[in-house]
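Structure, as structure tokens:
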Amino acid sequence: MSLLSEMGQKAFDLGVPISVHMDLTYRCNERCVHCYLDHDDHGEMTTGEIKGILDQLAEAGVFFLILSGGEVFLRRDFFEILEHARRLLFNVKIKTNAVMIREAEARRLRTLGVDTIQISIYSHRAEVHDAITKLPGSFDRSISAIRLLKQQGLKVTIANVLMTWNLGDHVEIRKLADELGATYTLDPTITPMMDGDTSVLQLRIQGEDLQDVLRTSELVPNMEEFCAPPKPVSEHDLEGYSCSAAHSFCYISPYADVFPCVQFPLPSGNLRQQKFVDIWNRSPQLNDVRSVRAKDLTVCSSCSHVTTCTRCPGLAYLEGSMRGPSTADCEKSFYRTGIPTANMLAQGVTKPNSRTLIHIKPVAAATL
Amino acid sequence: MSDTYITRSSAIAARMLAGEMMVMNSADSTFFTLNPVATAIWQAADGRTPLREIVRTKICEQFDVDPAQAEKDAQEFVADLSQHGILLVSSQPFADPPTSPSAEEKP
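Those protein sequences? They're chains E and X, same order as listed. One point on numbering: in this note's numbering, the residue at position 129 of the first sequence is 175, and numbering is uninterrupted. One point on numbering: in this note's numbering, the residue at position 30 of the second sequence is 60, and numbering is uninterrupted.
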């Protein structure tokens, strides 16, 4: 285990929020076909409110700070916020589409000691990328920004959300990332919109297409291990937790709402009404999330995949229960290994069928 | 013997976790944890106070260590962190000391 992993585990064990994802705005200059956000401004935090929250986060022990959106560069005060965050010695990662990054912005990001800039690229083909973002010229502008950032010596990650529109492009995007000197990350997860609208789920890649992606040798260093049948589950395994959400990580929205994770829309407190440390330590919702061990999962506790599955409790929550299965992750486990999950067997199927298995109970959009 | 002045690099991130100072250099992702003595030196690296003075006031007075040994250890520690770009070292005081506050420990 690396030193960094050791400290991450220590934070998890002690309940220290070592990492926070903060969306500064939901406004965006792109209109991506798969996006789950409502891009109107319903009362974003002011500069002063954000700085005050950053002060609280530093005091609470937060080390890794992810600033995202929406598009963060649409906030005119973005660099003022970033300067404050760096003055507080956060390790800052920025998620952006980068279309507003020119040479001056790239230079300033380097001067401020930003750790990584993660940029969404959907295809190596400009026409496909631009069709997904619905912003003509966005591919050229994002790629140009990546070159400028690399010239400044900054670390860049290309994030490739994979869906039906760009299926099959991931190998070429990976090559493009290599050419640009960027690292590459792929995510085939499409989530319902914040108002519960599930129409975007039609963009999810499924079936054999998902299997092909999960078994792409260029993306998986150890294919044999990755696709191996799960090992027998021990009692110790069932004492484990799903992920870091609410243990050492949480999400803050542009409206100061706190959630266990960016993909877990369970309102857990508002920083306009309470201090961060009070929400972190006393929120009934966060404490509920923290209490869930593998043995408490209604279906997954009896699943052979329980220790290796990427089960997301946030996606499970969107399906009706944070203790229930996440169908999208069931599919991944099945197509990775060829072994049906307990959820599939309970449904009486031996092959997943997302369109019928997904059952979303919308969260109250007004609380978001 | 000339004085040594130290200041923190602008590329670093730092936070205290359970009594250990975590330090990370964004330029090359090197990650360290500092022991209490090293943390005291790092926190006092204001670019204006000579290292010898930091060792005398922050180390010898707060930790039970031999002054000569403390200064030798401090020089080695500073050399190590400067090699990783975490501390900047000069024989002259730095013109613009960092404005960053010290990383706070979790309450």
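C-beta atoms are modelled at their ideal positions from N, C-alpha and C, and glycine is treated no differently.
Item, Value
"For S280(E), count neighbouring Cβ atoms within 10 angstroms of its own Cβ and tell me buried if that reaches 16, exposed if not.", "exposed"
"Are the C-beta atoms of F61(X) and some chain E residue less than 8 Å apart?", "yes"
"Note down the Cα distance separating F124(E) from A172(E), rounded to an integer number of angstroms.", "28 Å"
"Quick check: is the beta carbon of M51(X) nearer than 8 Å to any beta carbon in chain E?", "no"
"Does the beta carbon of M53(E) come closer than 8 Å to any beta carbon on chain X?", "yes"
"Return helix, strand or coil for V62(E), following the three-state DSSP convention.", "coil"
"Are the CB atoms of F272(E) and R154(E) nearer to each other than 8 Å?", "no"
"What did DSSP end up calling K136(X) once you bin it into helix, strand or coil?", "Caution applies to K136(X), whose pLDDT of 39 falls short of 50 and renders its modelled position unreliable; the model cannot decide the point."
"Rounded to whole angstroms, what's the CA-CA distance from L64(X) to E126(E)? Just pull it up for me.", "30 Å"
"Just to confirm, is the Cβ distance from V174(E) to N212(E) under 8 Å?", "yes"
"I need the DSSP call for P267(E), collapsed to helix, strand or coil.", "coil"
"Between which two residues does the beta strand (DSSP E) carrying M52(X) extend?", "E50 to N55"
"Can you tell me which residues form a DSSP beta bridge with K201(E)?", "T162(E)"
"Return no unless some Cβ of chain E is closer than 8 Å to the Cβ of S112(X).", "no"
"Residues of chain E with CB under 9 Å from L47(X), in chain order?", "M53, K56, A57, L60, V62, I64, G107 and F109"
"When you compare the CB of S32(X) with every CB in chain E, is at least one pair closer than 8 Å?", "no"
"Tell me the DSSP secondary structure of G98(E) in three-state form.", "helix"
"Determine, for T129(X), whether the minimum Cβ-Cβ distance to residues of chain E falls below 8 Å.", "Bear in mind that the predicted position of T129(X) carries a pLDDT of just 45, short of 50, making it unreliable; the figure below should be weighed with that in mind. Yes, because at least one Cβ of chain E sits closer than 8 Å to the Cβ of T129(X)."
"How do the region 130-150 of chain E and the region 92-111 of chain E stand: do at least 3 beta-carbon pairs fall below 8 Å, yes or no?", "yes"
"Identify the contact partners of S8(X) in chain E, using a Cβ-Cβ distance below 7 Å as the criterion.", "There is no way to answer for residue 8(X), as the model of chain X reaches only from 31 to 137."
"Which residue wins for smallest C-alpha separation from L60(E), given the options N316(E), N327(E) and K378(E)?", "N327(E)"
"Would you kindly report the start and end of the unbroken beta strand (DSSP E) that includes T231(E)?", "T229 to D233"
"Under 8 Å Cβ to Cβ from A131(E), same chain only, skipping five residues before and after it: list those, please.", "L100, L111, L113 and V138"
"Over what stretch of residues does the beta strand (DSSP E) that includes M46(X) continue unbroken?", "I42 to L47"
"Find the residues of chain X that neighbour F136(E), judging by a C-beta separation of less than 7 Å, and give them in chain order.", "A43"
"Straight-line CA distance for D84(E) to V308(E)?", "14 Å"
"If the cut is a Cβ gap below 7 Å, which residues of chain E does S56(X) touch?", "N137, G159, V160 and D161"
"Quick one: using the 10 Å Cβ neighbour count with 16 as the cut-off for buried, is E151(E) buried or exposed?", "buried"
"For E52(E), which of F62(X), A44(X) and H114(X) has the nearest alpha-carbon?", "F62(X)"
"Can you tell me which of the three DSSP states Y82(E) falls into?", "coil"
"Counting only C-beta atoms, is F124(X) closer than 8 Å to chain E at any point?", "no"
"Give a yes or no on contact between the region 115-122 of chain E and the region 65-77 of chain E, applying the rule of three or more CB pairs nearer than 8 Å.", "yes"
"As a quick exercise: from A292(E), M368(E) and V79(E), pick the residue whose alpha carbon is nearest that of V207(E).", "V79(E)"
"When the Cα of T244(E) is compared with those of K378(E), S337(E), G98(E) and E365(E), which residue comes out closest?", "E365(E)"
"Using the Cβ count rule (16 or more neighbours within 10 Å means buried), how would you classify I385(E)?", "exposed"
"Pick out whichever of K56(E), D69(E), T229(E) and R77(E) has its Cα sitting closest to the Cα of M51(X).", "K56(E)"
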